[in-house]
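Numbering (my numbering), first residue to last: 1057 to 1537. Remarks on the structure that follows.
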Amino acid sequence: MADPAHSALPLHARLQRGLRQLMLDGTLAAGRPLPASRALAQSLGVSRDTVETAYSQLHAEGFITRRVGSGSLVSEQVRRLPARPAAKPQAAVPQLSRRGQAVLAQGGVRDFEPPQAFVAGVPETRNFPLHTWERLQRQVLKEYGHRALLHSPAQGLLPLRQAIADYVSLERGARATPEQVLVLTSSQQALSLCAQVLLDPGEQILIEDPVYHGARKAFEAAGLVCQPVPLDADGMQVQHLAKASSARAVFLTPSHQYPTGATLSLQRRLAVIAWAQQRQAWIIEDDYDSEFHYAGKPTACVQGLDPHERTIYIGTFSKSLFPGLRLGYMVLPPALMVSMTVARSLQDGHSAALAQLTLARFIEGGHLGAHIRTMRAVYAQRRDLLAQLLRTHLGHVLEPQVPAGGMQMACHLCGPLSETQLLTAAARAGIALIGLSSLCSGTAHPPGVLMGFAAHTPMELEAGVQQLARALRTRPLSTNR
Ligand SMILES: Cc1ncc(COP(=O)(O)O)c(C=O)c1O
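Here's what the structure looks like:
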């Protein structure tokens, strides 16, 4: 009768549930008499009231009948309950829709594991100015009171949309008004919305090759056909766009390509804009971590260069602030705002008002700018340290491709070790690396791994590299890739 899930319940409720379970299992069959309440109370060492309360509840639910003189019997109705298998059946694979099966086959974007060495795309959160955040949140609660606890508009709250519009116009060269900003939970949500609202299943979308896996998964889950376009040091090779006659959209990370770190040249940006205008196609611009550029200012975004309003700009606070905030946004061509907002409202309604209002104040007060400036210096130092540590301890295995920005570094293999061997040895040592091959679709790309550096202190980076070096020393080398 003892079910640990019931241990927080009062005694009579535990007794009632235990007896009910015995009836459902068939152990107490219909027509069986239950012990007299006094006798059961004595044998269980509980009060008679406890047993009486349990019996009364079972009676009210129709599980037992009670008659003066003949005591309590398991009700005849129990016979009509569907028979339960004696042993718990193995978890059956549920019948999923084709879409459900496709989503399952893709797998999710991230496993939210505790921080591991070299995890990519994760910022340092341990020096986030929590006291400032807390002060601003208190201000919001004081000013808005219970209104901050209510539902709010699906498009996002005006103070935050205004702050985002000002920020992207000033810092990213976007053309944005608050009316064009749709506040979301994440860039991942933006990618899913674009896939669902702009294209039909079976239609083609051009993607970078290699590409951010979260984008490819969102597009494929929506039934789109991803057409990989090769890259070089200047980003996507746009001459290939002309060949893709039926593509309805192109996905780009122009300021800092994921995972290579390449910046799309101005000439190519203009070519993509011309292509989109000519084909009436969409440009989906994911500007996920452009704040962290370590040599001069990052290039202005494509959206600001596009006079034809074919570009959807996606931004997130997961990198510039902290991923647990769950706030991202799109800057949309005005013609798309209603449809995107409606689609978003069907997914999750809206983003949390308290977080939106606090963030608006954080941005307006200059704290976002200050935090980014601090973190830019921290990350640049960590990037350089990781490159140096890799050359010192793993120079025979990995060749770091030091990026001009971002939070992770692509490293090419330079020894006899295959990507799979490296990943297996790293995983065994509890180190999170992403294989570059897993991000490639068509074109051959040098084998290698992606290593995050932003979330680790210098000491942690050093310990991680040494741990990886040890893990590789203790595995036998072989030459197959
Ligand atoms: C290229 C790219 N876009 C988007 C994201 C996801 O950001 P969000 O947490 O806002 O979904 C990531 C995260 O790693 C990324 O690397």
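Where is the CB? At the ideal position from N, CA and C, for every residue including glycine.
Start-to-end residues for the alpha helix (DSSP H) that takes in residue i
{"i": "S1393", "result": "Per the sequence shown, residue 1393 should be read as Met rather than Ser. Looking at the DSSP string, the run of the alpha helix (DSSP H) that includes M1393 is M1393 to D1404."}
{"i": "I1370", "result": "Not the alpha helix (DSSP H): I1370 falls in the beta strand (DSSP E), residues T1367 to T1372."}
{"i": "Y1111", "result": "R1104 to E1117"}
{"i": "E1276", "result": "H1269 to A1277"}
{"i": "S1128", "result": "S1128 -> not in any alpha helix (DSSP H); beta strand (DSSP E) instead, spanning G1127 to V1130."}
{"i": "G1425", "result": "H1423 to L1450"}
{"i": "R1155", "result": "R1154 to Q1162"}
Distance cut-off 7 Å: residue i Cβ against heavy atoms of ligand 1
{"i": "P1150", "result": "no"}
{"i": "Q1244", "result": "yes"}
{"i": "G1177", "result": "yes"}
{"i": "P1379", "result": "yes"}
{"i": "T1121", "result": "no"}
{"i": "G1384", "result": "yes"}
{"i": "Y1350", "result": "no"}
{"i": "D1256", "result": "no"}
{"i": "D1362", "result": "no"}
{"i": "Y1344", "result": "yes"}
{"i": "G1163", "result": "no"}
{"i": "Y1200", "result": "no"}
{"i": "G1405", "result": "no"}
{"i": "G1520", "result": "no"}
{"i": "Y1223", "result": "no"}
{"i": "Y1268", "result": "yes"}
{"i": "T1309", "result": "yes"}
Residues near residue i by beta carbon distance below 7 Å, same chain, minus five either side
{"i": "P1215", "result": "L1413 and A1416"}
{"i": "G1486", "result": "Q1172"}
{"i": "F1378", "result": "P1179, T1181 and F1184"}
{"i": "Q1113", "result": "Q1072"}
{"i": "P1354", "result": "S1311, S1346 and G1461"}
Neighbourhood of residue i by C-beta, 6 Å cutoff - its chain only, sequence neighbours within 5 removed
{"i": "Y1268", "result": "Y1314"}
{"i": "T1309", "result": "D1342"}
{"i": "Q1523", "result": "A1485"}
{"i": "G1360", "result": "G1229, A1230 and R1231"}
{"i": "D1362", "result": "I1329"}
{"i": "S1376", "result": "E1347 and I1428"}
{"i": "R1432", "result": "F1348"}
{"i": "A1356", "result": "G1229"}
{"i": "T1367", "result": "I1339, E1341, V1358 and Q1359"}
Own chain, CB closer than 8 Å to residue i, minus 5 neighbours either side, in chain order
{"i": "L1067", "result": "V1102 and T1106"}
{"i": "C1467", "result": "L1446, L1454, E1455, P1456, Q1457, G1504, V1505, L1506 and M1507"}
{"i": "L1402", "result": "none"}
{"i": "E1276", "result": "A1158, Q1162 and C1282"}
{"i": "L1065", "result": "R1073"}
{"i": "T1241", "result": "R1382, L1383, G1384, D1404 and S1407"}
beta-carbon residue i near ligand 3 non-hydrogen atom, thresh 7 Å
{"i": "S1374", "result": "Among the ligands modelled here, namely ligand 1, ligand 3 does not occur."}
Proximity of residue i and residue j at Cβ, strictly below 8 Å
{"i": "H1312", "j": "G1421", "result": "no"}
{"i": "A1510", "j": "P1185", "result": "no"}
{"i": "L1129", "j": "P1089", "result": "yes"}
{"i": "G1258", "j": "G1291", "result": "no"}
{"i": "E1132", "j": "A1086", "result": "yes"}
{"i": "H1406", "j": "H1207", "result": "yes"}
{"i": "L1084", "j": "L1096", "result": "no"}
Interface flag, residue i vs chain D, CB-CB below 8 Å
{"i": "T1083", "result": "Protein chain content of the structure displayed is limited to a single chain, and chain D is not contained in it."}
Residue i, enclosing beta strand (DSSP E) - first and last residue
{"i": "Q1464", "result": "Q1464 to L1469"}
{"i": "G1384", "result": "G1384 to V1387"}
- Return the chain-ordered ranges of every beta strand (DSSP E) run that is complete within the region 1295-1358 and spans a minimum of 3 residues. 1303-1308 and 1338-1342
Please give me, in chain order, every unbroken run of the alpha helix (DSSP H) with length at least 4 that falls completely inside the region 1177-1254.
You should have 1186-1200, 1214-1228 and 1243-1254.
*Sequence ranges, alpha helix (DSSP H) only - wholly within the region 1463-1525, length at least 4*: 1475-1484
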